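Inspection log for the structure reproduced underneath, given as structure tokens.
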Amino acid sequence: MPAAATRAAHWRPRGVDAIALRYWLLSRIGIFTLVSAGAWLFANDRDDRTPVDYLDRWTQWDTVHYTTIAHWGYDGAPGVGQLAPLEAFFPGYPLLIKLLHGISGLDYVPAGLLISLIASAVAIVALARLAAHEAGPGVAPEAMAERTVLLFVLAPSAIFLAAAYTEAIFLAFAFPAWLCARKGRWAAAGILTACACGIRITGVFVAIALIVEFLTATDGRRRWRSAPWLAVPFLPVVAYMTYLHDRTGDWNAWQHAQEKGWYRNFHWPWEALANTWEAAYDEKQSTVFAWMFGAEILAVGIGLVLTMWLLRRRRWAEATYIALQLYAFTTSYWFFSVPRSTLTWWPLWIALAAWSLRRPVVLQGYLTVLAPFAVAFVLLFSNGRWAG
Numbered sequence: 181m182p183a184a185a186t187r188a189a190h191w192r193p194r195g196v197d198a199i200a201l202r203y204w205l206l207s208r209i210g211i212f213t214l215v216s217a218g219a220w221l222f223a224n225d226r227d228d229r230t231p232v233d234y235l236d237r238w239t240q241w242d243t244v245h246y247t248t249i250a251h252w253g254y255d256g257a258p259g260v261g262q263l264a265p266l267e268a269f270f271p272g273y274p275l276l277i278k279l280l281h282g283i284s285g286l287d288y289v290p291a292g293l294l295i296s297l298i299a300s301a302v303a304i305v306a307l308a309r310l311a312a313h314e315a316g317p318g319v320a321p322e323a324m325a326e327r328t329v330l331l332f333v334l335a336p337s338a339i340f341l342a343a344a345y346t347e348a349i350f351l352a353f354a355f356p357a358w359l360c361a362r363k364g365r366w367a368a369a370g371i372l373t374a375c376a377c378g379i380r381i382t383g384v385f386v387a388i389a390l391i392v393e394f395l396t397a398t399d400g401r402r403r404w405r406s407a408p409w410l411a412v413p414f415l416p417v418v419a420y421m422t423y424l425h426d427r428t429g430d431w432n433a434w435q436h437a438q439e440k441g442w443y444r445n446f447h448w449p450w451e452a453l454a455n456t457w458e459a460a461y462d463e464k465q466s467t468v469f470a471w472m473f474g475a476e477i478l479a480v481g482i483g484l485v486l487t488m489w490l491l492r493r494r495r496w497a498e499a500t501y502i503a504l505q506l507y508a509f510t511t512s513y514w515f516f517s518v519p520r521s522t523l524t525w526w527p528l529w530i531a532l533a534a535w536s537l538r539r540p541v542v543l544q545g546y547l548t549v550l551a552p553f554a555v556a557f558v559l560l561f562s563n564g565r566w567a568g
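Per my numbering, the very first residue in the sequence shown carries number 181; after that it's consecutive.
Okay, structure coming up:
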């Protein structure tokens, strides 16, 4: 075999990696095609003769904030200022957008989309490997990996893995970090989680779950000389909070930005539920927001069931990870962005995959009842409607 062919064969994805990348590619084609179709089918006016610019379809909601930070920094555009409290957004993703813009000359939104495109491939491959690693007795690892990835790419909120949002790049660090932890590679897990912490606050929950995983490991993975690596993930968070303090004089600038922009000030869970219920069903919000608030309640319910299931199975670390997120979501003014955060719940996708392999009706129900909402969310987001 020629040397070039040998090298190509060496780098060709195999096994679960090939399966994952196949689903990644096909799902990206589907999402990008659907957004393009939406530009024609859902024009601003029914009599329009030209579609909305394709990139404008992607320049929605938080994408504007990330690209603003990448371009202008946390002060916002000159003469415009902050469109929202930008301190609420961790700097990792905007810095990557700025770096890619500087290297390639790509504009900021395409740069963000390219990062998400590459990162989503990494995340999906890592999820496939993690699912294969977690396959139980009598379950083929490749079957487990394929089913997990299928459910994941058809999740209702999967649009956020393609958009210029933090989900893809966060998961490109978080999923491999957890896989490393499950294999006892604590240094790699700590470094990858540190990268995730630089992207969004959810990384802190991964870091805490890593500590629980380390302390509860009983299969020889716990090596105390590796324990210092578990502190590394908190360094980016400390660095960002220090930066905000130097900039604003407020050690709690991130939390105050969350409160100002998204009503994330403390409320008891029953108060948050009442406020969310009112927003969903008392005709005080527009229909899109009201429907999404109903989805928020459903997502929290799924999270609670998942947490109890993980506790019953003594999966203490994963239960900690989900429970911390639920605590954060249910102690704000109302439940907000929970459906989108289900993308970060790898125990959910692995558990659903295992369940569907045992009971085919689960897969049938998912594909026929739930997966169509992935299309709805793509059209919602690309038309500037709230999609979670």
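Virtual Cβ for every residue (Gly too), placed ideally from N, Cα, C. Source: prediction; values computed, not measured.
Shown here for Ala367: same chain residues with a beta carbon closer than 7 Å to its own, the five before and five after excluded, namely Ser406 and Trp409 in chain order. Between the segment 296–311 and the segment 515–532 there are three or more inter-stretch CB-CB distances shorter than 8 Å, so the stretches are counted as touching. With a cut-off of 8 Å on Cβ pairs, the segment 230–244 is in contact with the segment 272–292, counting three or more such pairs. Scanning the segment 308–374 from its first residue to its last, the whole alpha helix (DSSP H) runs of 4-plus residues come out as 321–333, 339–342 and 347–362.
Taking each of Ser284, Ala470 and Thr524 in turn and checking the Cα distance to Thr346, the smallest one comes out for Thr524. Around Val244, the same chain offers Leu263 as residues with beta carbons nearer than 7 Å, after the five sequence neighbours per side are excluded. The C-beta of Tyr234 has fewer than 16 other C-beta atoms within 10 Å across all chains shown, which makes the residue exposed. A residue is called buried when at least 16 other Cβ atoms come within 10 angstroms of its Cβ; Thr456 meets this threshold and is buried. Counting other Cβ atoms within 10 Å of its Cβ, Gly195 stays below 16 and is therefore classed as exposed. Ranked by Cα distance from Leu415, the first of Ser512, Arg403, Val558 and Ile381 is Ile381. When secondary structure is reduced to three states using DSSP, Ala257 falls in the strand class. When secondary structure is reduced to three states using DSSP, Lys464 falls in the coil class, being assigned neither helix nor strand.
Glu451 and Gly285 have their C-alpha atoms roughly 48 Å apart.
Distance between Ala200 and His425, taken at the CA atoms: about 42 Å. In the three-state reduction of the DSSP assignment, Gln240 falls in the coil class. Put simply, of Thr248, Ala301, Ser216 and Ala551 the residue whose alpha carbon is nearest the alpha carbon of Asp197 is Ala301. Burial of Thr487 is indicated by the presence of at least 16 other C-beta atoms within 10 angstroms of its C-beta. Per the coordinates, the alpha-carbon of Leu275 lies some 16 Å from the alpha-carbon of Phe353.
Following the DSSP letters along the chain, one finds Asp426 inside the alpha helix (DSSP H) bounded by residues Phe414 to Thr428.
Within the segment 504–562, complete alpha helix (DSSP H) segments of at least 4 residues are found at 518–521, 526–538, 540–545 and 552–562, given in chain order. Contact between Ser517 and Gly568 holds, since their C-beta atoms are separated by about 6 Å, short of 8 Å. Excluding five sequence positions before and after Cys360, the CB atoms of its chain that fall closer than 7 Å to its own CB belong to Ala368, Ala369 and Leu372, given in chain order. Within the same chain, and ignoring the five residues on either side of Glu326 in sequence, the residues whose Cβ sits closer than 6 Å to its Cβ are Ile199. Residue burial is scored here from C-beta neighbours: Glu476 has at least 16 other C-beta atoms within 10 angstroms and is therefore classed as buried.
Note that the C-beta distance between Ala454 and Glu463 is not below 9 Å. For Pro274, the enclosing alpha helix (DSSP H) stretches over residues Gly272 to Ser284. Three or more beta-carbon pairs drawn from the segment 202–219 and the segment 320–336 are found closer than 8 Å, and the two stretches are therefore classed as touching.
Taking 9 Å as the cut-off, the beta carbon of Ala338 is found no closer than this to the beta carbon of Ala299. Ranking Glu267, Phe446, Pro321 and His447 by CA distance to the CA of Trp434 puts Glu267 first.
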